[in-house]
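Q:
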Amino acid sequence: MSVGEIPDSGPLIIGHRGASAHAPENTHAAFERAFADGADGIEFDVRLARDGVPFVFHDATFKRTVMIDGDADDHPSTDLSQIWAGAWFNRRYPERGHPTFIFQQIPTLAQVFERYGAHTLYAEMKCEDASRRPALAGAVVEMTRAYAIADRVVVKSFEHDALSEVKRLAPEIRTAALFGRTWPRPLLPGAEIIAAAERCGADEISLHHSLLRKATVEEARRRGFEVLVWTVNSPFWLRRARALGVRAVFTDRPGRMRDYLSKKLRARGGTGRRQTA
Ligand code: G3P
Ligand code: CA
0 MSVGEIPDSG
10 PLIIGHRGAS
20 AHAPENTHAA
30 FERAFADGAD
40 GIEFDVRLAR
50 DGVPFVFHDA
60 TFKRTVMIDG
70 DADDHPSTDL
80 SQIWAGAWFN
90 RRYPERGHPT
100 FIFQQIPTLA
110 QVFERYGAHT
120 LYAEMKCEDA
130 SRRPALAGAV
140 VEMTRAYAIA
150 DRVVVKSFEH
160 DALSEVKRLA
170 PEIRTAALFG
180 RTWPRPLLPG
190 AEIIAAAERC
200 GADEISLHHS
210 LLRKATVEEA
220 RRRGFEVLVW
230 TVNSPFWLRR
240 ARALGVRAVF
250 TDRPGRMRDY
260 LSKKLRARGG
270 TGRRQTA
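Residue numbers (numbering that gives the first Met the number 0): 0 to 276.
Quick look at the structure:
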């Protein structure tokens, strides 16, 4: 299935930073676990290394997951490839840890595209320094074209100027505008969400679940947007997303969401899995 199509068996199940409840986020261990657990695709965060190489990492600093000083984007990609990015998970979640996690490395975007390019991929650009956003957008566009996977990648961001740049460079690449719990204030009206997505030329609107309202989804879809929701780790939000015709949910627990969807569909006489042909 290409991006942009609505599945008839419920929302796409997308592993948020991979299966990040079960393995260190944004590493191959988390991505492989997501697919093993039945995810339709993965979400991951993309930053720009000092030497212009896009790499896959969530935080602006290394404090939480790597425990070294400094900003992540200040390092060249040669340094990033030497860093172990999974030991923190074993320390924080000993019951879910695994000895192999400590050897997980920070992937480059090229490695992720190379390994998982056959699947639906949601690549989130993160760049606190606005002056570097055009370079990040350019690097993501270049890599998507190099791997010829524009029909499977959606580029998303809270930084809507970076999305405008992706569209300027590559109108063929789908983009999703993100709206968080605090963007720019709680209880953001649906009309403002849709207007902001239109301003940056996005194809999809990705909402924190606290912003998921029937009227917003209906109006967004009427105006041609697909709607996405994160983080959906419970059947309650999955049911709600499904009832509203949301295209994809982002979850830290793709196995749990897949099982729930399968049971629900089996009860109605379906298989719970999408037809691949
Ligand atoms: O899919 C949206 C979600 O990934 C945005 O939040 O902080 O997990 O990158 P965050
Ligand atoms: Ca993200």
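All C-beta atoms, glycine included, are put in the ideal place defined by N, C-alpha and C.
Fair warning: this is a prediction, and the values are worked out from it, not measured in the lab.
1. Which stretch, first to last residue, makes up the alpha helix (DSSP H) that contains phenylalanine 235?
2. Mapping DSSP to helix, strand and coil, what is arginine 144?
3. How would you call arginine 91, buried or exposed, if buried means at least 16 neighbouring beta carbons within 10 angstroms?
4. Taking the alpha carbon of tyrosine 115 as the reference point, which residue from Glu203, Ala35, Val231 has its own alpha carbon closest?
5. Report yes if the CB atom of proline 53 is closer than 8 Å to the CB atom of alanine 138, and no otherwise.
6. Taking 8 Å as the limit between beta carbons, can you name the residues of its chain near arginine 246, skipping five residues before and five after?
7. Which residues in the same chain have their Cβ closer than 6 Å to the Cβ of aspartate 258, if we skip the five residues on either side of it in sequence?
8. Out of Gly244, Ala242, Phe235, Leu243, point me to the one whose CA is closest to arginine 255's CA.
9. At a threshold of 7 Å, does aspartate 44 count as lining ligand 2 (C-beta to nearest heavy atom)?
10. Can you tell me which of Arg144, Ser209, Asp58, Glu191 puts its alpha carbon nearest to the alpha carbon of glutamate 278?
11. What is the DSSP secondary structure of glutamate 42, reduced to helix, strand or coil?
12. At a cut-off of 7 Å, would you count glutamate 158 as near ligand 2, judging by its Cβ distance to the nearest heavy atom?
13. In three-state terms, what does DSSP make of serine 130?
14. Could you name the residues of the same chain whose beta carbon sits closer than 7 Å to that of serine 19, not counting the 5 residues immediately before and after it, in chain order?
A: This is what the structure gives:
1. Residue 235 sits at position 236 when you count from the first residue of the sequence shown. 234–242 is the span of the alpha helix (DSSP H), which, as asked, contains phenylalanine 235.
2. One-based indexing of the sequence shown puts residue 144 at position 145. Taken through DSSP and simplified to helix, strand or coil, arginine 144 comes out as helix.
3. For this step, residue 91 is matched to residue 92 along the sequence shown. Exposed: under 16 other Cβ atoms inside 10 Å.
4. Within the sequence shown, the letter at position 116 stands for residue 115. Of the candidates Glu203, Ala35, Val231, the one whose C-alpha sits nearest the C-alpha of tyrosine 115 is Ala35.
5. Counted from its first residue, the sequence shown places residue 53 at position 54. Counted from its first residue, the sequence shown places residue 138 at position 139. Judged by beta-carbon spacing, alanine 138 lies within the 8 Å limit of proline 53, meaning their Cβ atoms are closer than that value.
6. Counted from its first residue, the sequence shown places residue 246 at position 247. For arginine 246, where only same-chain residues beyond five positions count, the Cβ hits under 8 Å are Ile5, Pro6, Pro10, Leu11, Glu203, Glu225, Val226, Leu227.
7. What you label residue 258 is simply residue 259 of the sequence shown in a count that begins at 1. Once the five neighbours on either side are set aside, aspartate 258 has no close Cβ partner at all.
8. Here the question's residue 255 lines up with position 256 in the sequence shown. The shortest C-alpha separation from arginine 255 is found at Phe235.
9. Taking the first residue of the sequence shown as 1, we reach residue 44 at position 45. If you check the C-beta of aspartate 44 against ligand 2, you find a heavy atom less than 7 Å away.
10. Any property of residue 278 remains undetermined from this structure, which presents the chain solely from 0 to 276.
11. Here residue 42 refers to the residue found at position 43 of the sequence shown. DSSP places glutamate 42 in strand when its eight states are reduced to three.
12. The residue labelled residue 158 in the question sits at position 159 within the sequence shown. For glutamate 158, the Cβ stays outside the 7 Å cut-off from all heavy atoms of ligand 2.
13. Sequence index remark: in the sequence shown, residue 130 carries index 131 (1-based). Helix, per DSSP.
14. Your numbering for residue 19 matches position 20 in the sequence shown. Excluding its 5 nearest sequence neighbours in each direction, serine 19 has C-beta neighbours in its own chain below 7 Å: Ala29, Asp251, listed in chain order.
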